[in-house]
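Engineer: Residues in the sequence shown are numbered from 8 upward in steps of one, following the working numbering.
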Amino acid sequence: MSDAQALLRVGALDRAAAMVQGGGSLGHALLLAQVKRARGDYTGALTCLRSAIDEASEDVPSYLGALVEMAELSAATGKKRGAKRLLDEVEDINPSHESARVALVRRGLALLH
Numbered sequence: 008m009s010d011a012q013a014l015l016r017v018g019a020l021d022r023a024a025a026m027v028q029g030g031g032s033l034g035h036a037l038l039l040a041q042v043k044r045a046r047g048d049y050t051g052a053l054t055c056l057r058s059a060i061d062e063a064s065e066d067v068p069s070y071l072g073a074l075v076e077m078a079e080l081s082a083a084t085g086k087k088r089g090a091k092r093l094l095d096e097v098e099d100i101n102p103s104h105e106s107a108r109v110a111l112v113r114r115g116l117a118l119l120h
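1. For residue 83, which residues from the same chain have a beta carbon less than 7 Å from its beta carbon, with the 5 sequence-adjacent residues on both sides left out?
2. Would residue 119 be called buried (16 or more neighbouring beta carbons within 10 Å of its own) or exposed?
3. Tell me which residues share the same chain as residue 80 and place their Cβ nearer than 6 Å to its Cβ, disregarding the 5 neighbours each side in the sequence.
4. Can the beta-carbon of residue 39 be found closer than 8 Å to that of residue 19?
5. What number of angstroms, rounded off, separates the C-alpha of residue 77 from the C-alpha of residue 22?
6. Helix, strand or coil, according to DSSP, for residue 8 in the structure here?
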């Protein structure tokens, strides 16, 4: 997984996607969603994450990160209330999880109004 994340960070999207394609974990789905997002496929990224989150439990390490990613994608596709609900859920589960990122998304949502 760390190699796929590294490839994503340097724009090697096809190689990153190939490394996680077919993986069954939420972490794999999160990385694949990030590849789709980097390609501009926000709807595809949301679909990928929704189904994986539905199958995962809250104690999976990548669960909260996936919710934050979904919040950003929801906002980017015009679903601002859904994005806020996802951020609320993250903060309800763990208020300190990626708090700076969550605050930035909340600020961005406020600026959209």
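The beta carbon of each residue, even a glycine, is placed where N, CA and C say it ideally should be. In this text, all values refer to a predicted model and were calculated from it rather than measured experimentally.
Structural biologist: Let me lay it out:
1. 49
2. Classification of residue 119: exposed, given that the 10 Å Cβ count is below 16.
3. 49, 52, 53
4. no
5. 23 Å
6. coil
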